[in-house]
Amino acid sequence: MATDNAAGNPELISLKVTSQDNEIFFKIKTKTPLKKLMQTYCERQGKQIDQVRFLFDGQRIQAEQTPDELGMEDGDSIEVMTEQLGGM
27 MATDNAAGNP ELISLKVTSQ DNEIFFKIKT KTPLKKLMQT YCERQGKQID QVRFLFDGQR
87 IQAEQTPDEL GMEDGDSIEV MTEQLGGM
């Protein structure tokens with residue numbers, strides 16, 4: 027369960043979204059689907075949402091999931107990976 031953050035609102039948490047070359051902080055309500063965060067991140071980074079993968083504790087995040095469903099707490103991190111296609 028999320029703890030009170032600086033704003034004193036337990037329904038709002040701060041999440042750090044990190045990739046290989048940067049990190050961006052987002053404040054999001056615990057009941058808001060993460061699709062909104064994912065779309066905003068991609069817009070800011072000039073990436074297509076289908077070209078990246080969002081992971082929390084090593085598990086891929088689905089767009090319809092909420093921070094509450096995933097047990098996210100204030101200050102948690104989401105990793106962003108560029109999808110790799112092909113290979114040998």
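To convert, take the position in the sequence shown, counting from 1, and add 26; that gives the working numbering. For glycine and all other residues, C-beta sits at the position ideal for the given N, C-alpha and C.
K62 places its beta carbon 8 Å or farther from that of T92. Between Q88 and the set Q71, E37 and V106, the nearest pair of CA atoms involves V106. When beta bridges are read from the DSSP output, K73 appears opposite no residue.
For the pair F82 and I50, the CB atoms are not nearer than the 8 Å cut-off. Spanning the alpha carbons of R79 and Q110 requires a straight line of approximately 10 Å. Residue P36 holds the alpha-carbon nearest to the alpha-carbon of K53 among D47, Q71, S45 and P36.
Bridge partners of M107 according to DSSP: R79.
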